[in-house]
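Asks:
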Amino acid sequence: MWITFGGVAGEFYISTFLMASFYFSLPDKWRWDAAHYLVLVIAASSFWQSFWFWTHVKTGRESIPFGTLLRGRGDSAGDMNKLIFEHNWNPTDLVNTYSGLGNLCLLVLIGLYLYFLIRQNKAFLFGLKQRILFRLGNW
Numbered sequence: 001m002w003i004t005f006g007g008v009a010g011e012f013y014i015s016t017f018l019m020a021s022f023y024f025s026l027p028d029k030w031r032w033d034a035a036h037y038l039v040l041v042i043a044a045s046s047f048w049q050s051f052w053f054w055t056h057v058k059t060g061r062e063s064i065p066f067g068t069l070l071r072g073r074g075d076s077a078g079d080m081n082k083l084i085f086e087h088n089w090n091p092t093d094l095v096n097t098y099s100g101l102g103n104l105c106l107l108v109l110i111g112l113y114l115y116f117l118i119r120q121n122k123a124f125l126f127g128l129k130q131r132i133l134f135r136l137g138n139w
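Following my numbering, the numbering of the sequence shown begins with 1 at its first residue and continues without gaps.
#1: Roughly how many angstroms lie between the CA atoms of residue 88 and residue 114, to the nearest whole one?
#2: Are the stretch 15-22 and the stretch 32-41 touching, with three or more C-beta to C-beta distances below 8 Å?
#3: Taking all protein chains shown into account, do 16 or more other C-beta atoms lie within 10 angstroms of the C-beta of residue 41, making it buried, or fewer, making it exposed?
#4: Considering just the uninterrupted stretch of the alpha helix (DSSP H) at residue 93, what are its terminal residues?
#5: Could you give the DSSP three-state label for residue 31: helix, strand or coil?
#6: Answer with buried or exposed for residue 92, where buried requires no fewer than 16 other C-beta atoms within 10 angstroms of its C-beta.
#7: Sort 132, 60, 13 and 66 by Cα distance to residue 109 and report the nearest one.
#8: Taking the alpha carbon of residue 54 as the point to measure from, which residue in 119, 120, 11 and 30 has its own alpha carbon closest?
#9: What number of angstroms, rounded off, separates the C-alpha of residue 57 from the C-alpha of residue 46?
#10: Residue 22 by DSSP, collapsed to three states: which one?
#11: Check whether the Cβ atoms of residue 118 and residue 125 sit closer than 9 Å, and answer yes or no.
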């Protein structure tokens with residue numbers, strides 16, 4: 001079941017991992033100076049496509065993608081078919097799980113990007129904090 005679930009879930013967590021790895025340097029043996037921009041663009045486009053698709057499924061604008069890519073909607077070997085019919089997942093739970101995973105990955109990315117934004121701009125944030133405290137003290 002985990003392999004079947006991980007097929008679509010991988011679109012979220014692998015993309016999130018690749019986007020998060022943008023800020024971390026690799027050892028000299030595996031340097032990826034220019035390639036990490038390409039990886040970031042590909043991972044971000046994959047993540048956003050999956051995120052918006054499952055958001056649309058949750059709101060009813062799209063339907064659950066039954067079937068497979070090569071054989072079409074009628075093929076019973078698709079991941080969604082297996083999860084619902086073989087592993088007895090409820091379609092609502094399936095949509096909520098993938099939407100929730102997308103939201104969790106988005107929160108991880110936002111948190112990570114905020115962390116690196118704060119870390120790289122400490123002087124700016126310190127000055128902003130001082131201005132806010134000064135204005136609050138003058139009320």
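Even for Gly, the Cβ is constructed at its ideal location relative to N, Cα and C.
Replies: If we stick to the structure as given:
#1: By one-based count along the sequence shown, residue 88 stands at place 88. By one-based count along the sequence shown, residue 114 stands at place 114. Each residue's CA atom was taken as its position, placing residue 88 and residue 114 some 39 Å apart.
#2: Result yes; three or more Cβ-Cβ pairs closer than 8 Å.
#3: Reading the sequence shown from its first residue, position 41 is the one you call residue 41. Exposed, since its Cβ has fewer than 16 Cβ neighbours within 10 Å.
#4: As a position in the sequence shown, residue 93 is number 93, starting the count at 1. Run containing residue 93: 91-120, per the alpha helix (DSSP H) assignment.
#5: The residue labelled residue 31 in the question sits at position 31 within the sequence shown. In the structure shown, residue 31 falls within a coil segment according to DSSP collapsed to helix, strand and coil.
#6: On the sequence shown, residue 92 is found 92 positions in, with the first residue counted as 1. Of the residues assessed, residue 92 falls on the exposed side of the cut-off, its CB having fewer than 16 other CB atoms within 10 angstroms.
#7: Mapped onto the sequence shown, residue 109 falls at position 109. Looking from the CA of residue 109, the closest CA among 132, 60, 13 and 66 belongs to 13.
#8: Taking the first residue of the sequence shown as position 1, residue 54 is located at position 54. When C-alpha distances from residue 54 are compared across 119, 120, 11 and 30, the shortest belongs to 11.
#9: As a first step, residue 57 is located in the sequence shown; it is residue number 57 there, counting from the start. As a first step, residue 46 is located in the sequence shown; it is residue number 46 there, counting from the start. When the Cα atoms are used, residue 57 and residue 46 turn out to be separated by approximately 17 Å.
#10: Taking the first residue of the sequence shown as position 1, residue 22 is located at position 22. If DSSP states are grouped into helix, strand and coil, residue 22 belongs with the helices.
#11: The sequence position of residue 118 within the sequence shown is 118, counting from 1. The sequence position of residue 125 within the sequence shown is 125, counting from 1. In this structure, residue 125 lies closer than 9 Å to residue 118 by Cβ.
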